[in-house]
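Participant: Going down the list, the protein sequences come from chains A and B. The first sequence begins at 0 in numbering that gives the first Met the number 0 and counts up one residue at a time. The second sequence begins at 0 in numbering that gives the first Met the number 0 and counts up one residue at a time. The structure's right below; bear with me while I get my questions together.
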Amino acid sequence: MKRVTLKESAYNVKTGKILVAKMLTAQEKYFKIALAGGESLDHEPGQFVMVAVPGVGEAPISVSSSPTIRGYFELVVRDAGKLTHVLHQLEAGDTVGIRGPFGVGFPTQILEGNDLVFVAGGLGIVPLRSLINFVIDNRRDFGKVSILLGCKTPQDMLFGDEVDQWEKRLDVNFNCTVDKADPDWKGNVGLITSLIPGVTLDIERTFAIVVGPPIMYKFVIAELLKKNIPERQIYLSLERHMKCGVGKCGHCQIGDVYCCQDGPVFSYDKIKNNIEAL
Amino acid sequence: MTQYVILNKTDLDEFISRLAQIKKTVAPVKRGVKNYAFEEVTSGKNVAVKYIPTILPPKKYFLPQTETLQQYDKSKKTWNAVMEFQEMIIFGVHTCDLAGIQCLNMAFSDKPKDINYLARKNRILIIGLECNDYCDEYASCKVMDNHMPNGGYDLFFTELDDFFMVHINTLEGEDLIEKTGLFKEAKEEHKKALKAMREEKRKRFKDEVNVTHNQLKPLFDKSFEAPVWQSLEARCVSCGNCTNVCPTCYCFDIEDEIDLNLTTGVRKRRWDSCQNEPFAQVAGGENFREARGERQRHRYLRKFKYPVDKYSRYFCTGCGRCSRTCMAKINLKETINELAQGAK
Chain A
0 MKRVTLKESA
10 YNVKTGKILV
20 AKMLTAQEKY
30 FKIALAGGES
40 LDHEPGQFVM
50 VAVPGVGEAP
60 ISVSSSPTIR
70 GYFELVVRDA
80 GKLTHVLHQL
90 EAGDTVGIRG
100 PFGVGFPTQI
110 LEGNDLVFVA
120 GGLGIVPLRS
130 LINFVIDNRR
140 DFGKVSILLG
150 CKTPQDMLFG
160 DEVDQWEKRL
170 DVNFNCTVDK
180 ADPDWKGNVG
190 LITSLIPGVT
200 LDIERTFAIV
210 VGPPIMYKFV
220 IAELLKKNIP
230 ERQIYLSLER
240 HMKCGVGKCG
250 HCQIGDVYCC
260 QDGPVFSYDK
270 IKNNIEAL
Chain B
0 MTQYVILNKT
10 DLDEFISRLA
20 QIKKTVAPVK
30 RGVKNYAFEE
40 VTSGKNVAVK
50 YIPTILPPKK
60 YFLPQTETLQ
70 QYDKSKKTWN
80 AVMEFQEMII
90 FGVHTCDLAG
100 IQCLNMAFSD
110 KPKDINYLAR
120 KNRILIIGLE
130 CNDYCDEYAS
140 CKVMDNHMPN
150 GGYDLFFTEL
160 DDFFMVHINT
170 LEGEDLIEKT
180 GLFKEAKEEH
190 KKALKAMREE
200 KRKRFKDEVN
210 VTHNQLKPLF
220 DKSFEAPVWQ
230 SLEARCVSCG
240 NCTNVCPTCY
250 CFDIEDEIDL
260 NLTTGVRKRR
270 WDSCQNEPFA
280 QVAGGENFRE
290 ARGERQRHRY
300 LRKFKYPVDK
310 YSRYFCTGCG
320 RCSRTCMAKI
330 NLKETINELA
340 QGAK
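Written out as structure tokens, the structure reads:
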């Protein structure tokens with residue numbers, strides 16, 4: 000068996016240098032990463048990268064920063080598996096391997112000029128933040144913006160400072176809820192679905208973008224449909240374990256679509272009849 | 000280019016020997032009772048000209064069980080994508096397995112192209128071999144339309160009386176004919192013999208299930224909620240044998256192998272199976288195909304529905320390997336018949 004180096008390959012790895020690493024909560028760690036040689040990642044909001052540590056493995060991680068930021072990108076990683084556990088041991092100055100960006104992100108061109116309702120449950124805020132910050136950085140290109148945020152407890156809230164900024168903005172309608180409050184919590188208590196009836200929206204021009212744990216989707220979608228938002232104006236980002244990122248390995252397949260190539264962002268009307276999707 | 004040449008049967012041994020001198024040659028070899036495997040040969044002595052589908056299809060040369068994708072050296076700070084390949088000739092590939100290779104070619108040529116696969120495929124010469132009759136009761140090559148040669152080879156052998164009729168399909172194939180130098184031009188009588196055999200064969204091969212080729216796709220389109228998956232759920236043991244032996248299953252996992260010096264290592268892809276329980280599991284613990292019945296349905300839909308939508312061809316070749324190997328006696332033909340029965 001002969002072995003030769005490939006210059007053009009889907010498996011080429013770029014070096015990512017960790018500029019900042021810090022814990023956001025007890026489980027989630029934040030990484031600010033720059034590609035070697037000042038190369039730009041050139042991602043779209045909602046895309047993901049494959050992050051690798053030699054000798055350990057590789058895992059798909061959503062890009063959390065908006066492409067409006069240049070020179071670096073941000074990831075937030077929960078300590079949940081083999082690779083992410085090792086990532087949690089890394090600090091500023093360490094390097095990781097990066098492949099990608101992969102997948103179809105949020106359809107920013109379709110969203111332009113329309114009203115947006117963001118619904119983020121738990122870790123869903125991590126990929127959704129790439130789009131929220133993109134919209135805020137290009138605020139004039141979009142109509143009304145509502146952000147609905149839900150998490151288990153106030154301690155699980157990610158990006159607290161940034162969330163405070165969103166809340167303070169006059170051009171953003173912000174609402175937040177936790178499943179279980181603590182004495183200092185001043186916001187709502189209850190599931191994220193409880194926030195949806197309170198949103199007033201123009202169904203002609205409102206797009207809902209929903210990202211959260213698998214269990215959340217059917218309940219949130221049911222609430223949105225009650226508001227008469229057309230199915231094609233609801234976008235979701237689905238979680239699967241991509242191994243190759245290029246539509247071959249089969250791990251992320253959802254019925255007849257590959258989450259890594261056809262998604263992870265899908266409009267609801269495209270996947271509602273896909274029995275493996277939701 | 001002459002399309003047809005003939006080889007005397009008595010010259011087959013010498014032909015294989017000469018092939019093996021040109022480059023590495025593999026061919027079906029007997030491996031115990033009712034078992035055959037593609038293995039390297041240096042002469043025709045061990046080559047099985049009549050054989051039932053090998054334990055593993057020739058897929059193992061196109062998409063090896065493990066294959067290095069990257070290699071790294073932490074001390075030198077290098078981390079490169081690599082590909083592995085080997086020049087070889089595969090002799091004796093049945094039409095079902097030729098179809099399997101065509102399916103793999105399709106999947107790996109789909110964008111983004113898999114360079115590792117395609118570059119290796121281009122270094123493998125294929126010599127097909129016709130089945131004049133059924134191999135055994137598990138085959139369903141007629142209904143899959145793979146019982147007759149349908150391209151995908153460099154040379155194609157058909158055994159007749161005391162000679163092999165050989166179809167030359169590519170320039171590389173013609174090159175092998177010239178280099179081995181054992182072939183004679185086929186005469187009209189030889190072509191007649193081939194035609195007569197094929198006519199007989201067409202009569203003998205009948206749809207092996209209760210639906211036709213074209214009815215299979217619509218049947219599977221409506222099969223999501225079929226009770227047959229519950230029946231498979233109760234029987235399947237999730238061993239993954241069916242996908243390993245399938246000529247068109249190509250799912251893989253990617254994993255690291257670091258050397259004992261903890262400095263150098265490789266990243267490999269390794270055959271994986273959608274029948275394994277953790278296949279569709281994510282880090283949070285959610286498993287999107289938790290039930291064995293769901294996983295079996297997925298395997299069938301990846302043969303009879305999804306690829307037809309995407310590539311306009313079935314990814315079942317009718318080789319029968321999945322049924323032959325199944326410990327729980329899950330039989331593809333029976334599954335299709337049960338589906339068809341339920342759809343009535």
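In this text, a Cβ means the ideal position worked out from N, Cα and C, and glycines have one as well.
1. I believe A:I195 touches A:V219 by the beta-carbon criterion, under 8 Å. Please report the beta-carbon distance rounded to the nearest angstrom.
2. Tell me which residue opens and which closes the beta strand (DSSP E) that A:P196 is part of.
3. Report the rounded CA-to-CA distance for A:A91 versus A:G15, giving the unit in angstroms.
4. DSSP state of B:I100, grouped into three classes?
5. Looking at C-alpha atoms only, which residue of A:D268, A:Y267, A:G249 is the closest neighbour of A:Q260?
6. How is the alpha helix (DSSP H) around A:V219 delimited, first residue to last?
7. DSSP on B:D255, reduced to helix/strand/coil?
8. Which residues bound the beta strand (DSSP E) around B:Y71?
9. Put B:P56 into one of helix, strand or coil per three-state DSSP.
10. With respect to the beta strand (DSSP E) encompassing A:R98, which residues constitute its N-terminal and C-terminal limits?
11. Would you call the segment 93 to 108 of chain B and the segment 142 to 154 of chain B in contact, with 3 or more CB pairs under 8 Å?
12. How would you call A:R239, buried or exposed, if buried means at least 16 neighbouring beta carbons within 10 angstroms?
13. What number of angstroms, rounded off, separates the C-alpha of A:I274 from the C-alpha of A:G254?
14. Check the C-beta distance from A:S65 over to A:S145 and give it rounded, since I have them as a contact under 8 Å.
15. Decide if B:E266 is buried, meaning its Cβ has at least 16 other Cβ atoms within 10 Å, or exposed.
16. Does the distance from the C-beta atom of A:I228 to that of A:L115 stay below 8 Å?
17. For B:N79 and A:T4, what's the separation of their Cα atoms in angstroms?
18. Using 8 Å as the limit for Cβ to Cβ distance, is B:P111 near chain A?
19. Please determine, among A:Q154, A:Q164, A:V198, the residue with the shortest C-alpha to C-alpha distance to A:R184.
20. Determine whether the Cβ of A:S8 lies closer than 8 Å to any Cβ atom of chain B.
21. Whose C-alpha, out of B:W228, B:W270, B:K75, is nearest the C-alpha of B:L300?
22. What does the alpha-carbon distance come out to for the pair B:T53 and B:K328?
23. Closer than 7 Å by beta-carbon distance: list the chain B residues that pair up with A:E238, in chain order.
24. Excluding sequence positions up to five away, which residues of its chain have a Cβ less than 8 Å from the Cβ of B:A192?
25. Using the Cα positions of A:G244 and B:Y116, report the straight-line distance between them to the nearest angstrom.
26. Can you check which of these residues, A:L86, A:K81, A:P44, is closest to A:Q108 by C-alpha distance?
27. Do A:D78 and A:I17 have their C-beta atoms closer together than 8 Å?
28. In the DSSP assignment, the alpha helix (DSSP H) including A:E73 goes from what residue to what residue?
29. Looking at the unbroken alpha helix (DSSP H) that takes in B:R298, where does it start and where does it end?
30. Should the segment 238 to 247 of chain B be regarded as contacting the segment 267 to 281 of chain B, the criterion being three or more beta carbon pairs within less than 8 Å?
31. Comparing alpha-carbon positions, which option in A:F30, A:L23, A:Q88, A:G96 lies nearest A:K13?
32. Run through chain A and tell me which residues come within less than 8 Å of B:Q85, C-beta to C-beta.
33. Is the beta carbon of B:T179 closer than 8 Å to that of B:R17?
34. Locate the alpha helix (DSSP H) running through A:W165, then write down its first and last residues.
35. Answer with buried or exposed for A:V19, where buried requires no fewer than 16 other C-beta atoms within 10 angstroms of its C-beta.
36. Quick check: the segment 229 to 239 of chain B against the segment 275 to 291 of chain B, are there 3 or more CB pairs under 8 Å?
Facilitator: Concretely, from the data shown:
1. That belief holds up - the Cβ atoms of A:I195 and A:V219 are roughly 7 Å apart, short of 8 Å.
2. In this chain, A:P196 is not harboured by any beta strand (DSSP E), its DSSP state being neither H nor E.
3. Cα to Cα, the separation comes out at about 11 Å.
4. Helix, per DSSP.
5. Nearest C-alpha to A:Q260: A:G249.
6. Element bounds for A:V219: 213 to 225.
7. Correct three-state label for B:D255: strand.
8. If you look at B:Y71, you'll find it in the beta strand (DSSP E) that goes 65 to 72.
9. It is coil, neither helix nor strand.
10. Here the beta strand (DSSP E) through A:R98 covers 94 to 101.
11. As far as the Cβ criterion goes, the segment 93 to 108 of chain B touches the segment 142 to 154 of chain B, which means the pair count is three or higher.
12. Burial call: buried.
13. Cα-Cα distance, rounded: 7 Å.
14. Contact flag wrong, Cβ pair sits at about 18 Å.
15. In the sequence as presented, Glu is not what sits at residue 266 of chain B; that position holds Arg. Counting other Cβ atoms within 10 Å of its Cβ, B:R266 reaches 16 or more and is therefore classed as buried.
16. No, the Cβ-Cβ distance between A:I228 and A:L115 is not below 8 Å.
17. Rounded to whole angstroms, B:N79 to A:T4 spans 6 Å at the Cα level.
18. By this cut-off, B:P111 is an interface position.
19. Note on residue identity: the sequence assigns Trp, not Arg, to residue 184 of chain A. Here the closest residue by C-alpha is A:Q154.
20. Closer than 8 Å: yes.
21. Minimum Cα distance to B:L300 is reached at B:W228.
22. The straight-line gap from Cα to Cα measures roughly 18 Å.
23. For A:E238, the chain B residues whose C-beta falls within less than 7 Å of its own C-beta are V281, listed in chain order.
24. Correct list, in chain order: L159, D160, M164.
25. Straight-line Cα distance between these residues: approximately 16 Å.
26. Each of A:L86, A:K81, A:P44 was checked against the Cα of A:Q108, and the nearest Cα belongs to A:P44.
27. No, they are not a contact pair.
28. It is not in any alpha helix (DSSP H) - A:E73 instead sits in the beta strand (DSSP E) that spans 72 to 77.
29. Per DSSP, the unbroken alpha helix (DSSP H) holding B:R298 starts and ends at 291 to 303.
30. Yes: at least three Cβ pairs fall under 8 Å.
31. Ranking the options by Cα distance to A:K13, first place goes to A:G96.
32. The answer, in chain order, is M0, K1.
33. Using a Cβ distance threshold of 8 Å, B:R17 and B:T179 count as a contacting pair.
34. For A:W165, the uninterrupted alpha helix (DSSP H) run begins and ends at 159 to 167, by DSSP.
35. Classification of A:V19: exposed, given that the 10 Å Cβ count is below 16.
36. Pairwise C-beta distances place the segment 229 to 239 of chain B in contact with the segment 275 to 291 of chain B, as three or more of them are shorter than 8 Å.
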